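Data block below; observations after.
The following block contains the structure:
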């Protein structure tokens, strides 16, 4: 396969051309014409939007012409564009996060199959000249930003991390079983399911800056856990991860996490405040149920789904959100006290209490 820009030969697993830096197309399983369609989309942009911004309305019309021989794929792309995926990718400054949010939205809100999602993302990113790594089976690379915390003013380095490159398993966690204040220095990328389940001695834990995923029920039943430092590299928190952590007092979810899954903080009786970043799009079933002391939750405009039981048995809850947002309407429907700020204001720092 050759680069469309400089016609250099491309390495099989390359994300971009080693000669000119242009992104490479990706063959997607189940879509035999994926490479051809990506090439056509590249030509569409070069011929029509090389000197002006992409106008979505015009793009959809042009797709019908350029992909006339690929009607099924064309309908799929137009469907996703109509759902707002491309527009949302435009406004997100971080391309890695834009792709992750688009993937989550297509799967959870548009109910598109995993392979179809990868096809859509391969097409849209190649059209936009963005680097893209499709997910393949269980070996799922997650794009994260890494930066040396001592060098905060230096440009951030983007790299693709395989979340399974170094997994902390239950057997690895055993050495921390009787510790109260845990600091994990080893560069783990994932904490396996139930790894710290019912570690009742634990009072605090500091997780490594390389961590990408916390699997289901990883810290469930840690009833004396009061403080947990979630690193900025974190992107995935699976269901029930902190279920029944009854002394956990507050939680700041890192920017880049896409959803709060079912039962994530169920029964965290002492939890008083939760800070949800503007990358989260959904809050699942009983995510904060039975958090008796929960008094303040920040819910950004990015959240487009909240399960009806997400905040049951939270008698002291006040939600801080944007006026007329999904969260605002949710609070009105479910009789939850809320304080709103106008769109454009800083949700997290505005003084309205």
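Numbering (this note's numbering), first residue to last: 1 to 353.
Each residue gets a CB set at the ideal place from its N, CA and C atoms; glycine is no exception.
A quick note: this is a predicted structure, and the numbers were derived from the prediction, not measured.
Residue i, buried or exposed, once every other Cβ within 10 Å from all chains shown has been counted against 16
i           : result
residue 210 : buried
residue 151 : Caution is warranted here: a pLDDT of 40 is assigned to residue 151, below 50, making its placement in the model unreliable, and the coordinate value is therefore given only provisionally. Residue 151 is exposed by the Cβ-count criterion.
residue 64  : exposed
residue 103 : buried
residue 90  : exposed
residue 343 : exposed
residue 96  : buried
residue 229 : exposed
residue 297 : buried
residue 25  : buried
residue 53  : exposed
residue 138 : Caution applies to residue 138, whose pLDDT of 43 falls short of 50 and renders its modelled position unreliable; the model cannot decide the point.
residue 220 : buried
Identity of the residue in the options nearest residue i by Cα
i           : options            : result
residue 306 : 271, 276, 292, 295 : 276
residue 295 : 226, 200, 251      : 251
residue 131 : 61, 70, 185, 23    : 23
residue 324 : 318, 332, 53       : 332
residue 240 : 262, 254, 34, 271  : 262
residue 177 : 112, 201, 191, 299 : 201
residue 84  : 69, 71, 57         : 57
residue 259 : 268, 235, 267      : 235
residue 111 : 248, 125, 76, 291  : 76
residue 217 : 189, 255, 264      : 264
residue 355 : 36, 308, 279       : There is simply no residue 355 to check, as the chain begins at 1 and stops at 353 in what is shown.
residue 182 : 113, 301, 199      : 199
residue 74  : 94, 38, 55, 51     : 38
residue 314 : 243, 336, 28       : 336
residue 70  : 242, 35, 48        : 35
residue 320 : 303, 312, 338, 326 : 338
residue 283 : 179, 310, 302, 48  : 310
residue 197 : 185, 223, 61       : 223
residue 165 : 184, 191, 185, 326 : 191
Inter-residue spacing [alpha-carbon to alpha-carbon] between residue i and residue j
i           : j           : result
residue 157 : residue 347 : Residue placement at residue 157 is flagged as unreliable, the pLDDT there being 39, under the threshold of 50; the coordinate-derived value follows with that caveat. So the two alpha carbons sit approximately 28 Å from each other.
residue 213 : residue 32  : 32 Å
residue 134 : residue 59  : 24 Å
residue 270 : residue 92  : 34 Å
residue 80  : residue 162 : 27 Å
residue 167 : residue 42  : 38 Å
residue 128 : residue 172 : 43 Å
residue 266 : residue 288 : 5 Å
residue 101 : residue 293 : 31 Å
residue 44  : residue 67  : 10 Å
residue 109 : residue 187 : 34 Å
residue 205 : residue 257 : 19 Å
residue 106 : residue 117 : 6 Å
residue 301 : residue 82  : 20 Å
residue 349 : residue 242 : 26 Å
residue 180 : residue 203 : 5 Å
Span of the beta strand (DSSP E) around residue i
i           : result
residue 321 : 318-322
residue 82  : Counting along the chain, residue 82 falls outside any beta strand (DSSP E), though it belongs to the alpha helix (DSSP H) covering 71-82.
residue 51  : Element bounds for residue 51: n/a, residue is neither H nor E.
residue 250 : 250-252
residue 341 : 337-341
Where the alpha helix (DSSP H) through residue i begins and ends
i           : result
residue 120 : 114-128
residue 328 : 326-333
residue 89  : 85-91
residue 104 : 95-108
Ignoring anything shorter than 3 residues, give me the beta strand (DSSP E) runs that lie fully in the stretch 272-309, in order along the chain. Every unbroken stretch of the beta strand (DSSP E) spanning 3 or more residues and falling wholly within the stretch 272-309 is given here in chain order: 273-275, 296-298.
Taking only runs that begin and end inside the stretch 167-240, name each unbroken alpha helix (DSSP H) of 4 or more residues, in chain order. At a cut-off of 4 residues, the continuous stretches assigned as alpha helix (DSSP H) that sit fully inside the stretch 167-240 are 170-173.
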